[in-house]
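In the working numbering, the protein residues as written are 601 to 1153.
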């Protein structure tokens, strides 16, 4: 079972405490070991499992007594992703567990220590089945086994039917023991999109707090079938729910006690140094992709966690912050400020023009504003896509509006290069491998003043200096990350990858629409520019991000 999962890294002189019934994620550096200290209160039998998280990492470990004498050693001669020691008899005292890489390379791992009671065999799940279960108290964990489909993807969804506490969920390859996915206790709903192929999978659901009882529902469905799992956790599943597990007596409904929460003491923020923000109350506050509650939530900060401030709106109502490498916006009304914040640079954002519908054909002529800043001899030009539309309505029998955009710069000098440090015009999103829905899409209008041919390598087209869109991607089991644009006219695609390299794409799959593929994609930020093929052009369309090779223009 997986009760509590913590992350530890670096090589510490003092052993890291770990208790029986606990899981911890750790990281060893090249040629070194990470040591844990395990107290044992009474004589018993225990099982120890160490699972590799980093691909190619092969863990091994040994058990020492308090005097440093080796009791047991588990070597990994076959470079397996999982090593285990079962039925180890230990007496009262303190034991040391040293985890290292059998190949001497760095990597992350998950170590789980449990009492040696035999585990129940996993329960089989069929595609299209909905199961209800409960873990905690007398049943610490529940395991399930299912097989992949040869011709289509599977969608596995697990969610807690009680908002708190949540669950600990792990998904492994049943044959190789490779860890494919793992959740944290703060996640109450989780979906895995499993690629087609013949493979067996092992799912383990455990209580994040074994002293409490937690109910949950899981659904296994083919991606192309009608959904059986509700979007709202209060809805009933479309399938037939099957109770999981048995009890020795009829359960009695008890009154729900109302917990009294003790507020977290707020730490005093510094008055000097760089400007930072923290939650105003200690509770969780949302970080969004733009400076408004209409933008998507991309993360949260809570407690006494702080984040550096990068910029602010001119009226100081919203702050742009660095959230673990991801740029986001947070409202000034829900945060506390620390450091010197009066020197934070203000930024001016321009709203995206909205489409309209009607029985007339409007002619839309936006006038971009070009702001030229810098010093001689070479001016620095910042493109600010402020749109001042002029509407001329002409009646035609066509009921579908036709948009004609003409770029009319008010200055003769234009920004001559792409600038990934600027905020993306159409916002950003965060995607983790296996994301749903697939493809993820965003409406984008291509075109702008920058001629991208200066990049070389056959790059062509005209776009804005700022990215059209940004994707923060966390890689996983899927080997392909594809981005493509389907527009109303000829267009091109330019992407700055996490490595800092630019990639360009043009016509693909027999169309004038561009596609760029990343095989074995890296985690990080992908800045995307959608360009019109001709100068002064404007191409409306949709940008797609997918891990499915069947999705393309």
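Backbone N, C-alpha and C define an ideal beta-carbon position, used for all residues, glycine too.
Between the segment 692-702 and the segment 655-670, can you find at least three pairs of beta-carbon atoms closer than 8 Å? The segment 655-670 makes contact with the segment 692-702; the number of CB pairs closer than 8 Å reaches 3 or more.
What does a CB cutoff of less than 6 Å around residue 1144 pick up in its chain, not counting 5 residues either side in sequence? Cβ neighbours of residue 1144 within its own chain (closer than 6 Å, five residues either side excluded): 1039, 1041 and 1084.
Which of helix, strand or coil DSSP assigns to residue 1026: The DSSP-derived three-state label of residue 1026 is coil.
Can residue 733 and residue 816 be called in contact, C-beta distance under 8 Å? Less than 8 Å divides the Cβ of residue 733 from the Cβ of residue 816.
Residue 681 burial status per 10 Å Cβ neighbour count (16 or more: buried): Buried.
Excluding the five sequence neighbours on either side, which residues of its own chain have a C-beta within less than 8 Å of the C-beta of residue 902, listed in chain order? Answer for residue 902: 879, 882, 883, 884 and 885, listed in chain order.
Check whether the Cβ atoms of residue 705 and residue 648 lie closer than 8 Å to each other. Not a contact, by the Cβ cut-off of 8 Å.
Residue 1128 vs residue 1091 beta-carbon contact at 8 Å: Contact flag unset, no.
Coarse secondary structure for residue 633, derived from DSSP in three states: Three-state DSSP puts residue 633 in a strand.
Specify the secondary structure class of residue 1020 as computed by DSSP and reduced to three states. Coil at residue 1020, not helix or strand.
CA nearest to the CA of residue 1113, picked from 1120, 1123 and 1130: Relative to the Cα of residue 1113, the nearest Cα in the group 1120, 1123 and 1130 belongs to 1130.
Can you list, in chain order, the residues of its chain whose CB lies under 6 Å from that of residue 1027, leaving out five sequence neighbours each side? The answer, listed in chain order, is 889 and 890.
Alpha carbon of residue 1018 to alpha carbon of residue 779, nearest angstrom: The alpha-carbon atoms of residue 1018 and residue 779 are separated by roughly 39 Å.
C-alpha gap between residue 667 and residue 643, whole angstroms: Rounded to the nearest angstrom, the gap between the Cα atoms of residue 667 and residue 643 is 18 Å.
With residue 799 as the anchor, note down where its beta strand (DSSP E) starts and where it stops. No residue range can be given for residue 799, since it is assigned to no beta strand (DSSP E) and is classified by DSSP as neither H nor E.
Whose C-beta lies closer than 7 Å to the C-beta of residue 899 among residues of the same chain, with five residues either side of it excluded? Close CB contacts of residue 899 within its chain, under the 7 Å cut and outside five residues either way in sequence, are with 887, 923, 926 and 928 (chain order).
Fully enclosed by the segment 1053-1110, which beta strand (DSSP E) runs are 3 residues long or longer? Secondary structure in the segment 1053-1110: the beta strand (DSSP E) runs of 3 residues or longer, each lying completely within the stretch, are 1069-1074, 1080-1087, 1091-1096 and 1102-1105 in chain order.
With a threshold of 16 other CB atoms inside 10 Å of the CB of residue 775, please say whether the residue is buried or exposed. Label assigned to residue 775: exposed.
Using CA coordinates, which residue listed in 755, 802 and 935 is at the minimum distance from residue 746? Minimum Cα distance to residue 746 is reached at 802.
Is residue 1077 near residue 1025, with beta carbons less than 8 Å apart? Residue 1077 places its beta carbon 8 Å or farther from that of residue 1025.
Candidates 1087, 1125, 1110 and 1109: closest to residue 1102 by CA position: Across the set 1087, 1125, 1110 and 1109, the C-alpha of 1125 shows the shortest separation from the C-alpha of residue 1102.
Distance between beta carbons of residue 1062 and residue 1016, contact taken as under 8 Å: Residue 1016 to residue 1062, Cβ: 12 Å. No contact.
Starting from the C-beta of residue 1033, find all residues in its chain whose C-beta is less than 7 Å away, skip the five residues before and the five after it, and write them out in chain order. Counting only Cβ-Cβ distances below 7 Å, and skipping sequence neighbours, we find 1074, 1075, 1076, 1077, 1078 and 1147.
Helix, strand or coil: how does DSSP classify residue 1138 here? Under the three-state reduction of DSSP output, residue 1138 falls in the coil class, being neither helix nor strand.
Mapping the DSSP letters down to three states, classify residue 860 as helix, strand or coil. Here the model assigns residue 860 a pLDDT of 37, short of 50, so the residue's position is not dependable, and the following value carries that caveat. The answer is coil: DSSP assigns residue 860 none of H, G, I, E or B.
Determine the DSSP secondary structure at residue 933, reduced to helix, strand or coil. If DSSP states are grouped into helix, strand and coil, residue 933 belongs with the helices.
From which residue to which residue does the beta strand (DSSP E) around residue 915 run? Going by DSSP, residue 915 is part of no beta strand (DSSP E) at all; its letter is neither H nor E.
Since residue 773 sits in a beta bridge, which residues does DSSP pair it with? Residue 773 is bridged by DSSP to 801.
Neighbour-count burial assignment, residue 1138, 16 or more Cβ in a 10 Å radius: It is buried - the Cβ of residue 1138 has at least 16 other Cβ atoms within 10 Å.
Compare the beta carbon distance of residue 652 and residue 707 with 8 Å and say whether it is the shorter of the two. Between residue 652 and residue 707, the C-beta spacing is below 8 Å.
DSSP beta-bridge partners for residue 911? For residue 911, which the question treats as bridged, DSSP gives the partners 920.
Check residue 744 in the structure and name its three-state DSSP category. Here residue 744 sits in strand by DSSP.
Drop a sphere of 10 angstroms on the beta-carbon of residue 669, count the other beta-carbons inside from all chains shown, and report buried for 16 or more, exposed for fewer. Residue 669 comes out exposed.
Of the residues 622, 1109 and 630, the one placed nearest residue 640, counting alpha carbons only: The option with the nearest alpha carbon to residue 640 is 622.
Please work out which residues of its chain come closer than 6 Å, Cβ to Cβ, to residue 856, disregarding the five sequence neighbours upstream and downstream, and give them in chain order. Confidence at residue 856 is low in this model, with a pLDDT of 32, below 50, so its placement is unreliable and the value that follows should be read with caution. Excluding positions up to five away in sequence, the list is empty.
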